[in-house]
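Note sheet for the following structure.
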Amino acid sequence: MNPRRIISLVKKDLKKTHREPAVLFLLIIFPIVLTIVFGFAFGGIGDGGTTSFDVGLLNLDATSPQADWSMAFVNNLTDSEVFVVYAYDDNATGQSALLQGNLDAFIVIPEGFGDSIASYYGSPIDPSSWTNTTIGLYVDSGSMMAVSAVPPLVQQVLMKTVFGSDAMTLNLPIEISSPALVKSSTFSQWDFMAPGIFAFASIFLTMIVAQSMTYERDEGLLKRLRTTPVSSAEYMVSQTLTYMIIASVQVALVLASSFAIGYRPATGPAGIAFTFVIALAFSLVAVGFGLIAASISKSAEVSTGVSFAFIMPQMFFGTFMPLGGATEVIAKFMPSKYLTDTVTTLFLRGAPITTPVIWTNLAIVSILGVLLVAVGIVLFEKFGSR
Amino acid sequence: MSESAITITNLTKRFNGITAVDNLSLEIGWGELFGILGPNGAGKSTTVNILNTLLEPTEGSATLDGHDVVFDPEHVRKVIGVCPQEPAFYPHLTGRENITLMGDMHLVPKDVLESRVSSMVERIGMETDIDRLAKEYSGGMIRRVSMLMALVNDPKIALLDEPTVAMDPKSRRAVWDYIRELRMQGKAIILTTHYMEEAQELCDRVAIIDEGKLIALGSPTDLMETHQSKNLEEVFLKLTGKKLREET
């Protein structure tokens, strides 16, 4: 494999990105426009408004001997300043308020909540001796922001209640996916959507890869290259590198645009660097899907349509679209979901990069990316290149 | 360097039972400009595509510079320059960038490449347009750039498949002069064409093929004398009973 050939092919493809208006728009301008428009539309630009969630609360454990735990949980909910807590005396009234849109969420602290935590502290390493309970959490399905934000925030408050502020203890038998409590009390919808924009922008790489490969095939360019000493491996590496570079540029542009309109992610340079890394891994996924789309498309025009078969599910189930119920299950099969999850964990929850879940996500996206590129290359060599 | 530049032995290519090239045997020497003539569908491009390693023969063999196209395609690709029938180029690159890209694929040393591209461009009269995007080129300009893309690696063997189609007479003459110059450098050149005057003007020998079969082989002058014809078009008509092409 010769680096000069690869670099030359990468340059050739990068020139296309800024010389072809359609490609320039889709890969570079679109992410910027999307970020700015959504940022304005959903409150990214310093409106200073405090976004909080109206949460109904029914405490069924208020009179138990271990009531201190439920009281602490309620206090932590209130202290977070993200929630405005309204106490309810019965389930029916709370559910009714939720259905009528008066609440963003309704939380039911079950009987035995305090006993459950006490049982954990009685024997932290023996799960069989714990008393299990479940907090009832009902979220307004009509509120995209509530659906995406309330469950993780409640989870964080619960973690703080059980473990205190320094909840990151590796030896605990309970996994803490987002140990840091969100400190900001001024969330806008944009804060919840911003992480999804990173995946949203990169998803469209699939279409460009598919169009580019089918165009080069249809116009005889691949054949022409095959009469030169360049190998298939060099060509495929150049394609992959090109789109990894473009994905990095997209992340940088989305970040810069977000910063420009006042967005400040709750992470530092390490978190931002991690975002670049997982975006690079995700670009492999896009290249893989693009190759597969090119393999089964008879022309560049057809490849656009075929690409959407890969783009749309990822867009709806893996970016900033609201999820719930069955869509949560479907989302687990979408690589973009893991990118969005990671950026959410870093940018919204402010989790450190030592958080296991983001490394798990990186591993999932990387493995999927490599597999999809491998499958794409095999399919394209067999069915798509002639 | 092998004794003959190109050796084709009993070459046959079938596509789904249809024979495109039928038991073709040819020997082409260094410094020879060899024309393959025939109507559309005669098997000219299929032959060239076997020689340039894009297709594998069904039967028979072909060697270029002593290397078999099936067993040693990597070496073959190093010594050939291919100008395809349909000019394949990157429209978003300039003419110069298209040519340089091909030079990079052949790992032509950077300093050599730059000066070579400039002199080739000058030679073919495209100095003023070479730094424009290729998508802005006329058909004739694209053909000329496509030919330079084929020749930028200074190949020992040039495979030129209808290189002057859609060119104006002046450009065609410039290309002819250039092809003659390549022959003078000792390169072996295969030129497929259905322009009879082009073959008569340029080629040392021509092979006339029809329906994949070789029906005549010799220098244009010999063929015209043997078949008592004024030109190669007439030779073809006498041999096959049909015109080589409907329109020029």
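So the sequences go chain by chain: A and B.
Here this note's numbering is used: the first residue of the first sequence is 85, the next is one more, and so on.
Here this note's numbering is used: the first residue of the second sequence is 6, the next is one more, and so on.
Ideal Cβ placement from N, Cα and C applies to all residues, glycine included.
Owing to the predicted nature of the structure, the values given are computational and were not obtained by experimental measurement.
Straight-line CA distance for B/Pro174 to B/Pro168?
Cα-Cα distance, rounded: 13 angstroms.
Which word fits A/Gln184, buried or exposed, when buried means at least 16 other C-beta atoms lie within 10 angstroms of its C-beta?
That one is exposed.
Which class does B/Phe20 belong to by DSSP, given the choice of helix, strand or coil?
Looking at B/Phe20 - three-state DSSP - the assignment turns out to be strand.
Quick one: Cα of A/Ala377 to Cα of A/Ser391, how far?
Each residue's Cα considered, the two are about 6 angstroms apart.
Provide the residue(s) that pair with B/Ser66 in DSSP beta bridges, ordered along the chain.
Paired residue(s): B/Thr14.
Using a beta-carbon distance below 8 angstroms, is B/Asp109 in contact with chain A?
So, interface residue.
Are the beta-carbon atoms belonging to B/Ser176 and B/Gly223 less than 8 angstroms from one another?
Not a contact, by the Cβ cut-off of 8 angstroms.
Looking only at its own chain, which residues have a Cβ that is under 7 angstroms from the Cβ of A/Val459, when we skip the five neighbours before and after it?
Counting only Cβ-Cβ distances below 7 angstroms, and skipping sequence neighbours, we find Gly372 and Ile376.
Excluding the 5 residues flanking A/Lys95 on each side, which residues of the same chain have their C-beta closer than 8 angstroms to its C-beta?
Closer than 8 angstroms at the Cβ level, and outside the excluded window around A/Lys95, lies no residue.
By alpha-carbon positions, which one of A/Lys100, A/Ala370 and A/Asn143 ends up nearest to A/Gly198?
For the residues A/Lys100, A/Ala370 and A/Asn143, the minimum Cα distance to A/Gly198 belongs to A/Asn143.
Can B/Leu196 be considered in contact with the ligand ZN, in the sense that its beta carbon sits closer than 7 angstroms to one or more heavy atoms?
With respect to the ligand ZN, the structure shown offers nothing to examine, as it has no ligands at all.
Compare the C-alpha of A/Arg308 against each of B/Tyr183, B/Leu165, B/Ser234 and B/Trp181 and name the closest.
Among B/Tyr183, B/Leu165, B/Ser234 and B/Trp181, the Cα nearest to that of A/Arg308 is on B/Leu165.
Using a C-beta to C-beta distance shorter than 8 angstroms, which residues of chain B count as neighbours of A/Glu104?
Those within 8 angstroms of A/Glu104 in chain B are His97.
So, does the CB of A/Val314 fall closer than 8 angstroms to a CB anywhere in chain B?
Closer than 8 angstroms to some Cβ of chain B, the Cβ of A/Val314 qualifies, so yes.
Anyone know if the C-beta pair for B/Leu98 and A/Lys99 falls short of 8 angstroms?
In contact: B/Leu98 and A/Lys99 (Cβ atoms closer than 8 angstroms).
Once you ignore the five residues that flank B/Ala179 on each side, which residues in its own chain have a CB closer than 6 angstroms to its CB?
These residues qualify, in order along the chain: Ile129 and Gly130.
With A/Asn445 as the anchor, note down where its beta strand (DSSP E) starts and where it stops.
Element bounds for A/Asn445: not the beta strand (DSSP E) but the alpha helix (DSSP H), Pro440 to Leu463.
Within 10 angstroms of the Cβ of A/Ile209, are there 16 or more other Cβ atoms? Answer buried if so, exposed if not.
It is exposed - the Cβ of A/Ile209 has fewer than 16 other Cβ atoms within 10 Å.
Where does A/Ile437 sit, in a helix, a strand or coil, going by DSSP?
Looking at A/Ile437 - three-state DSSP - the assignment turns out to be coil, as it is neither helix nor strand.
Taking one C-beta from the region 149-159 of chain A and one from the region 104-113 of chain A each time, how about it: are there three or more such pairs within less than 8 angstroms?
Not touching, per the Cβ criterion.
Taking DSSP as the reference, what is the three-state secondary structure of A/Val314?
Coil at A/Val314, not helix or strand.
From what residue to what residue does the beta strand (DSSP E) around A/Arg348 run?
Element bounds for A/Arg348: n/a, residue is neither H nor E.
How big is the Cα-Cα spacing for B/Ala171 and B/Gln90?
Going from the Cα of B/Ala171 to the Cα of B/Gln90 covers about 11 angstroms.
Mind pulling the beta strand (DSSP E) runs of 3 or more residues that sit fully within the region 193-244 of chain B?
Correct list: 193-198, 210-215 and 218-223.
Which residues of chain B have a Cβ atom closer than 7 angstroms to the Cβ of A/Glu303, listed in chain order?
The contacting residues are Ala93.
Please report how far the alpha carbon of B/Gly22 lies from the alpha carbon of A/Trp443, in whole angstroms.
For B/Gly22 and A/Trp443, the distance between alpha carbons rounds to 56 angstroms.
For the region 111-167 of chain B, list the alpha helix (DSSP H) runs that are entirely contained and at least 4 residues long, ordered along the chain.
Those alpha helix (DSSP H) runs which fall completely within the region 111-167 of chain B and span 4+ residues are 115-128 and 144-156.
Which residue comes first and which comes last in the beta strand (DSSP E) that contains A/Asn143?
Element bounds for A/Asn143: Phe137 to Asn143.
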